[in-house]
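Reviewing the structure listed below.
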């Protein structure tokens with residue numbers, strides 16, 4: 138894979154508080170039980186998470202983040218643009234918007250967050266002491282041009298750095314289980330994201346109304362595929 142420059146940008150720290158999740162059943166419905174995050178991962182309860190990918194249409198590259206060294210799972214590995222759990226009582230789409238703001242410091246308009254697909258994933262890490270059973274809602278935020286990496290304000294407890302990578306390069310990394318990345322199973326439903334992104338490369342933009350946003354002093358043009 139060709140080398141791509143990365144940059145660690147100004148970070149902000151946040152206070153540590155206990156997160157509580159809605160426990161779900163095997164079809165993703167709420168059971169009415171609410172548990173602390175550490176108990177959910179200890180007991181292997183189903184819960185909901187969101188993944189948000191930021192995609193630059195002009196360069197066909199994705200923003201990826203390097204997970205902070207202090208993370209309990211996959212520290213120091215390259216991962217999704219932004220991600221997080223849906224806390225008890227919250228909704229998925231609003232969580233996607235909030236996690237993007239918290240981890241990257243950008244306020245994405247809700248209409249620019251495109252739902253792609255949902256899937257189940259279950260795996261154990263940390264010598265089977267961390268049991269992760271999730272319903273993952275995957276979202277896409279498309280910007281016309283790459284937002285300069287120095288524009289982002291990173292959440293110190295979550296993100297060490299950000300950089301861009303070509304969609305083809307990321308797909309190759311996933312398929313080869315590149316140890317520098319958090320890689321999904323190459324046979325899993327998750328890999329359909331690359332088919333979706335490939336279709337975006339040649340999609341006509343003329344009929345879509347852009348939404349303008351601001352990140353610091355930089356104006357951002359979002360492409361709303363749902364328009």
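In this note's numbering, the protein residues as written are 138 to 364. Built from N, CA and C at the ideal position, the CB exists for glycine as well.
One or two residues paired with residue i in a DSSP bridge
i           : result
residue 297 : For residue 297, which the question treats as bridged, DSSP gives no partner whatsoever.
residue 201 : 300
residue 160 : Answer by DSSP bridge pairing: none, since residue 160 is not bridged.
residue 222 : 186
residue 356 : 351
Own chain partners of residue i with C-beta closer than 7 angstroms, once the 5 adjacent residues on each side are dropped
i           : result
residue 284 : 352, 355, 357
residue 170 : 160
residue 182 : 160, 172, 270
residue 260 : 269
residue 342 : 360
residue 138 : Confidence at residue 138 is low in this model, with a pLDDT of 38, below 50, so the placement of that residue is unreliable and no value is reported for it.
residue 348 : 246, 248, 249, 359, 361
residue 338 : 197
Nonlocal neighbours in the same chain, by C-beta distance under 6 angstroms from residue i, ignoring five residues either side
i           : result
residue 256 : 273, 326
residue 191 : 200, 218, 278
residue 232 : 187, 223
residue 244 : 238
residue 303 : 198
residue 275 : 188, 253, 254
Three-way DSSP call (helix, strand, coil) for residue i in this model
i           : result
residue 330 : helix
residue 155 : coil
residue 287 : helix
residue 175 : helix
residue 185 : strand
residue 141 : The pLDDT assigned to residue 141 is 47, lower than 50, so where the model puts this residue is not dependable, and the model offers no usable value.
residue 240 : helix
residue 349 : strand
residue 209 : coil
residue 274 : strand
residue 247 : helix
residue 229 : helix
residue 310 : helix
Residue closest to residue i, alpha-carbon to alpha-carbon, out of the options
i           : options            : result
residue 226 : 218, 216, 185, 247 : 185
residue 230 : 359, 210, 252      : 252
residue 330 : 347, 317, 315, 308 : 308
residue 180 : 280, 303, 267, 212 : 267
residue 167 : 350, 214, 280, 228 : 228
residue 235 : 189, 213, 210      : 189
Beta-carbon contacts of residue i that lie in its chain and below 8 angstroms, excluding the five residues immediately before and after
i           : result
residue 321 : 258, 311, 327, 328
residue 174 : 155, 156, 157, 158, 222
residue 301 : 141, 193, 196, 198, 199, 200, 201, 283, 286
residue 296 : 148, 202, 203, 204, 205, 240, 241
residue 314 : 320, 323
residue 262 : 210, 211, 269
Q) Would you call the region 214-226 and the region 188-200 touching, i.e. three or more CB-CB distances under 8 angstroms? A) Because the criterion of three Cβ pairs below 8 angstroms is met, the region 214-226 and the region 188-200 touch.
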